[in-house]
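Residue numbers (this note's numbering), protein chains in the order written: chain A, -19 to 93; chain B, 237 to 676; chain C, 3 to 173; chain D, 101 to 468. The C-beta atom is built at its ideal place from N, Cα and C for all residues, glycine as well. Here the structure is a predicted model, which means the values were calculated and not measured.
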Amino acid sequence: MSVLPDVVLMTLELEQVLIVGGILFAIGLYVALSKRNAIGILMGVELMLNAVNVTLLAFARFIESPRPIDGHVFATFVITIAAAEAAVALALAVAVYRHRETVNIDEIDVLRW
Amino acid sequence: MIGALLAAPTALVTDNWWDIRDLSNLSGAILDLIEDAGGPGWLTYVVGALLGTLGIVSFIGGVAIINIWIERRVVGRMQSRLGPNRVGPFGLLQPVADAIKLMQKEVLQPRVADGLVFTVAPIAFTVPGIALLAVIPWGRNMVLADLDVGIVFLFAMSSLAALAVFIGGYGSNNKYALFGSMRVIAMLVTYEIPIVLSLLGVVMFAGSMNLNQIVLFQADNWLFLIMLQPLAFLIYFLSSSAELNRTPADLAEAESEIAGGYHVEYSGMKFGLYYAAELINAVAVSTIIATVFLGGWWLYKIDEIVPGWMIVIGKIYAVYFVFIWTRGTLPRFRIDQLLAFAWKWMTPMAIINILLVAGEVVLWEETGWSAGLLLPLYIAINGAMTAVLIVAWVRVMAPKFQRYPDRPRMYDGIDVPSLPAPASIGPTAPGAAPARRATV
Amino acid sequence: MIDDAGIVVAFWILSATTVICALMVAAARNLIHAVLFLALTFVGVAGIYIVLSADFVAVVQVLIYAGAVGVLMTFAIMLTPGADRLNSSTVFQAPALVLSALVLAVIVFVALDTEWAISDRQAFSATARSLGEAFLKPYIVPFEVASVLLAAAMIGAIVLSREEPEDERAA
Amino acid sequence: MAIKSDLVEVNIGPQHPSTHGVFRMVAIIDGERIVDVKMVVGYLHRSMEKLAEERTYTQNIPFTDRMDYLAAMTGNLGYVLSVEKLAGVEVPERAQYLRTIFAELQRIASHEMATGAFINDCGAWQTPVMWCFRDREKVLDLFEMVCGARITTNYMRIGGVAFDIPDEFLPALDRLINDDLPRRFEELEQLIVGNEIILMRARDVGIVTPELAINASLSGPMIRSAGIAWDIRKADPYCVYDRVNFDIPVGYNGDSYDRMVIRIEEMKQSLRIIRQCMSDLPAGPHKVDVPLALRPPAGEAYSRVESPKGELGFYVVSDGSSAPYRWHVRPPSLINLTVLREMTVGQTIADAIVTLGSIDINVGEVDR
């Protein structure tokens, strides 16, 4: 500890991890809301899920709990569901592309195909 | 996890820094020196990590150089030629000469290529193979990252390599490269499953995903896991040669078909990186096999005299020789045959294997019978099971091959059947050969 | 609170990398580049997991996100060859930005303003075993439901992406 | 195909590791499946047939070396046979036997090359091709011994052969065909005949039906693989082929595997022919004297030989001058190549490469 200046960042607190997770979530939200391409939107969704996982694991690490491993269990479930969701969503994108020759969501607006 | 790095020696005879049986003695001595000199905690931490990384990177660098020579010499022997023998003693400096040549060459990049992807891909292909070696135990205490989920880490790294190959082929903007990429993805999706399932049996026996624990299991029970899990070994070996792009499964580069596949557009040191990464990945897989199936640093008391890391390296090269051997012998599968082989044979076999192992482990744990009684029994059962499954597979496959004899018929004179002439020559239905006079 | 200097430094490096890569996902002009940055983000997040001593989740993150989802996305982009490859934005760019900023502000406020019940727990030693026990004892039902869901998703993906036979389409 | 993709046009060749020279296939593919194939030949065209009209009959012999440069001896032989037929030259007995021996040695060399390259196309990493090259080199050593050249031998002459064999030739030949090659063939067969991967790759790939084979005028291993026992050496014997015993290996299914094993079997039959020729080799002149600027009477002649690739025919028209009026070649490689589209459409790219390898073309002969 003698070499580096003793700044506040030298210890890792829960709040700092939560803020990093929040930034990731905000970026994911922005990507999901603003992109035209359906696959781009999916990327935003995945980013948000990752941000949530970061916070879940941070809680598991820092918060007083009788069963701290539950955070990991939740995170694993999130990853599982996200994989399933990605597979279905990308299959949807491919299916939509086959009918409409586009995956841009602002062009897919007829509620049918 | 990294905290377990270079843990204090526990079971060694001596822990003098000069005892090369365990290189962690040396690094531990250096770290002690830093601590005694009043270095801060983080410095020890960083230096420890750097020392381990240095060890692995220098090992992999040496391996990448020497393996080119080994592979070319060994294959040269198999092909009744000499192999490189001009540069340096026995041609040992040939890889160096190759590397110098590759560095001098201009790195060409197609104008339509995706520059960023094209540049990143070879690097991204190299990293996972090196990272993989971090979790390998090189001796009783010599493991850089004693990862509790070592086996899953191996899967994760191998799936990363496939992404790198894929984007490399995509970024080249070349049709052949795209073929290679598509094949890589198809093979990745297919072969990840038998790989995971085959190693699952090993994990169930060892009761841990930690690679050092797996080695210790083999040391405690006085056997190699390849004896307990011959089927898993076969499946893992075949699947990993598919993941490594080595014959009989080198479809992603398939020189005779798609002219090099994903790296067709690469030249100079970028190609050199691909080439090195391929060797590194081959060594990485050999290392996994040596650790998981062949007992890693443990070898029947010999590991008390010979340094463990030397035993590991010896085993790595034994496995690597088998890889070279298959490469020098076998032709290549077609992509659909390779995928069918994985889905229709290896995955079901791996599941059968897991069920069998589960039953055996439950029996072991519930009855509490001694390992000395049960393990030989399991070795016999699993070996017999493997033999039965392989024979069954051959029986299933044989009729397709034996529809016609292997060798041609012999005619003493000419014999041309008179055929009705079709109206035009066009594509005809395959296999619709008409009945002919049998004059053998 | 973690006061191991190495881990803290690692956390900040990883966080900076991850956030920059995530920003590049939003900013990259080419969709393929965006996917690559996304894969890097996933790897960075896995690093953060390791810092939080969740090694199993971290490795699974690399295996599933960086390995599988990244490949899946690249694959989907290549299977839609005629579609726009640009990672362009819709007209909702400004509202999305405002909304994201608001959400971030709320998260930061909540994170800083709440009295968290911090424990002085040390890092988890081995998560894989306790995680497995958690899955197979208290969480057995969700675990099985998740596997059913995976199977359903697999079948759904196959059905969705399958080419319809010509006669069915005509009917 | 679960996911239908757009049709893509892929150029296989002229610069490709396995197009056996500068042959170009333009494949229209759907995924990995070939929808259509266009063959583009002519990258190696050297205008031999036209050049030959400006040279004397003897001067034209080296052209035949450079057509099928992997089987120069049979090329020489086919040409000199047609000129001899045109000019009515009687060839001495010893020359006939020597011609047979060298034609069969050339068949071994060419089939070694074809088999090795074919296994390479199947994806083996150089081992079979190296083994085959090693054996081929031994045959080429004999060529060098007798005429000084290994590839472009230029050995046959109108009226005989260029040189008589040296004293050390017959012992060397005896060692090669009675000891060396049979052992090597055994080894090669252990490696590739019945190999499951080769069966998977080559069985039912590139099928030629008997109808197609006859209608497209195929010859050599191509027609024999389709189950038709056809061999010029039996059907229209030349040299001493009517005096030696040998069998024609015939396939079952017309696929690439059949063609590969037929080649291996033909090599063994060649050994058999050479053994008989060696024991019967008469003494006497190796050549009759023919004027260097030979002026055959006006007329035309066509003669054909069974080259390793198939029926190699030479059609020579004379107007009585010292240069041929017209010189036409029937190249087996080109004729066999014409069915490539029929054989490959519907297969994958990998199969197309295997099919092309099994046809055993030589672009020098295709383009001339």
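Is residue i helix, strand or coil when you go by DSSP?
{"i": "B:G375", "result": "coil"}
{"i": "D:R375", "result": "helix"}
{"i": "C:Y51", "result": "helix"}
{"i": "C:S163", "result": "helix"}
{"i": "C:T20", "result": "helix"}
{"i": "D:R207", "result": "helix"}
{"i": "D:P349", "result": "strand"}
{"i": "B:L470", "result": "helix"}
{"i": "C:S91", "result": "strand"}
{"i": "D:E132", "result": "coil"}
{"i": "C:Q151", "result": "The displayed chain sequence assigns Leu, not Gln, to residue 151 of chain C. It is helical."}
{"i": "B:L380", "result": "coil"}
{"i": "C:I75", "result": "Per the sequence shown, residue 75 of chain C should be read as Met rather than Ile. Three-state result, C:M75: helix."}
{"i": "D:A224", "result": "coil"}
{"i": "A:I43", "result": "strand"}
{"i": "B:N321", "result": "coil"}
{"i": "C:I1", "result": "No information on residue 1 of chain C is available, as it lies outside the stretch 3 to 173 that chain C covers here."}
{"i": "A:I88", "result": "coil"}
{"i": "B:M646", "result": "strand"}
{"i": "A:L(-8)", "result": "strand"}
{"i": "B:K537", "result": "coil"}
{"i": "D:P117", "result": "coil"}
{"i": "A:N17", "result": "strand"}
Excluding the 5 residues preceding and the 5 following residue i in the sequence, name in chain order all residues of the same chain whose CB lies nearer than 8 Å to its CB.
{"i": "B:L625", "result": "L467, M585, I588"}
{"i": "A:E65", "result": "V25"}
{"i": "B:V388", "result": "M445"}
Inspect the beta-carbon positions of residue i and residue j and report whether they are closer than 9 Å.
{"i": "D:I348", "j": "D:R372", "result": "no"}
{"i": "D:S433", "j": "D:R359", "result": "no"}
{"i": "A:I61", "j": "C:L151", "result": "yes"}
{"i": "B:L383", "j": "C:V64", "result": "no"}
{"i": "D:G413", "j": "D:S403", "result": "yes"}
{"i": "C:V47", "j": "A:G2", "result": "no"}
{"i": "C:V37", "j": "A:I19", "result": "yes"}
{"i": "A:R16", "j": "C:S132", "result": "no"}
{"i": "D:T164", "j": "D:G178", "result": "yes"}
{"i": "A:T82", "j": "A:V74", "result": "no"}
Can you check DSSP and say which residues form a bridge with residue i?
{"i": "D:V552", "result": "In the structure as shown, chain D starts at 101 and stops at 468, and residue 552 of chain D therefore has no counterpart that could be examined."}
{"i": "D:E329", "result": "The sequence given here places Ala at residue 329 of chain D; Glu does not occur at that position. According to DSSP, which records beta bridges pairwise, D:A329 is partnered with B:D651."}
{"i": "D:E411", "result": "D:E406"}
{"i": "D:R257", "result": "D:G260"}
{"i": "D:T448", "result": "D:R133"}
{"i": "C:N177", "result": "Since the first and last residues shown for chain C are 3 and 173, residue 177 of chain C lies out of range."}
{"i": "B:V401", "result": "None, per the DSSP bridge assignment."}
{"i": "D:N111", "result": "D:V126"}
So, for residue i: in the same chain, excluding its five sequence neighbours on each side, which residues have a beta-carbon less than 7 Å away from its beta-carbon?
{"i": "B:Y510", "result": "P358, F361, H499, Y502"}
{"i": "B:I494", "result": "Y412, F415, G416"}
{"i": "B:L328", "result": "W305"}
{"i": "D:R468", "result": "H145, R146, M148, E149, M167, V429, P431"}
Less than 6 Å between C-beta atoms, sequence neighbours within five positions excluded: which residues of the same chain meet that for residue i?
{"i": "B:S408", "result": "A349, E501"}
{"i": "B:V299", "result": "V519"}
Taking residue i as the query, report the chain E residues whose CB atoms sit under 7 Å from its CB, ordered along the chain.
{"i": "A:V32", "result": "Among the chains of the structure shown, chain E does not appear; the protein chains present are A, B, C and D."}
State whether the segment 411 to 427 of chain B contacts the segment 443 to 460 of chain B, with contact taken as three or more CB pairs (one from each stretch) at a distance under 8 Å. No contact exists between the segment 411 to 427 of chain B and the segment 443 to 460 of chain B.
At least 3 beta-carbon pairs within less than 8 Å: the segment 466 to 481 of chain B vs the segment 432 to 450 of chain B: The segment 432 to 450 of chain B and the segment 466 to 481 of chain B touch, with three or more beta-carbon pairs separated by less than 8 Å.
Taking 8 Å as the threshold, find out whether the segment 394 to 405 of chain D comes into contact with the segment 417 to 434 of chain D through three or more Cβ pairs. As far as the Cβ criterion goes, the segment 394 to 405 of chain D touches the segment 417 to 434 of chain D, which means the pair count is three or higher.
So, does the segment 380 to 389 of chain D touch the segment 194 to 201 of chain D, judging by three or more C-beta pairs under 8 Å? The segment 380 to 389 of chain D, when compared against the segment 194 to 201 of chain D, does touch it at the 8 Å Cβ threshold.
Taking 8 Å as the threshold, find out whether the segment 563 to 571 of chain B comes into contact with the segment 293 to 305 of chain D through three or more Cβ pairs. Touching, yes, given that three or more Cβ pairs across the two stretches are closer than 8 Å.
Mind the definition here: the segment 29 to 46 of chain A touches the segment 130 to 149 of chain C only if three or more C-beta pairs lie below 8 Å; say whether that holds. The segment 29 to 46 of chain A is not in contact with the segment 130 to 149 of chain C.
Check whether the segment 113 to 132 of chain C touches the segment 5 to 13 of chain A, taking contact to mean three or more Cβ pairs, one atom from each stretch, closer than 8 Å. By the Cβ criterion, the segment 113 to 132 of chain C is not in contact with the segment 5 to 13 of chain A, since fewer than three pairs of Cβ atoms, one from each stretch, lie closer than 8 Å.
Is the segment 448 to 455 of chain D in contact with the segment 118 to 134 of chain D, if contact means three or more CB pairs nearer than 8 Å? Yes, the segment 448 to 455 of chain D touches the segment 118 to 134 of chain D.
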